[in-house]
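In our numbering, the protein residues as written are -12 to 70.
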């Protein structure tokens, strides 16, 4: 039996995306996660010292999203090729 895809809506851009497994934490599409990571990496080099702890926490959260996405892709994604 084929695993059912779960339709999710990105909390940042509103775009719909699909996961092979249901996830309560993956509520952001991979494009928005990548953009957010780039933005946070840039901010980490320019923010005042007093705000660094908050930004590092935000960075870790999105890095964890990427790690979960990578896990899901490696373990549940089965690409189909059309000829």
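No residue lacks a Cβ here, since even glycine has one placed at the ideal position from N, Cα and C.
Subject >> Reduced DSSP secondary structure (H/G/I, E/B, other) of residue 55 >> reply: In this structure, DSSP gives residue 55 a helical state, which the three-state scheme calls helix.
Original post:
Should the segment 42 to 54 be called in touch with the segment 12 to 22, which here means at least 3 C-beta pairs below 8 Å?
Top reply: Flag = yes, the segment 42 to 54 and the segment 12 to 22 touch.
**OP:** Just mark residue 70 as buried or exposed, buried being the case when its beta carbon has 16 or more other beta carbons within 10 Å.
**Re:** With a pLDDT of only 49 at residue 70, under the threshold of 50, the placement of this residue in the model should not be trusted; the figure read from the coordinates follows. Around the CB of residue 70, fewer than 16 other CB atoms lie within 10 Å, so the residue is classed as exposed.
**OP:** Out of 7, 28, 61, state which residue places its alpha-carbon closest to the alpha-carbon of residue 47.
**Re:** Ranking the options by Cα distance to residue 47, first place goes to 28.
**OP:** Following the continuous beta strand (DSSP E) through residue -6, name the residue where it begins and the one where it ends.
**Re:** Segment -7 to -4, the beta strand (DSSP E) holding residue -6.
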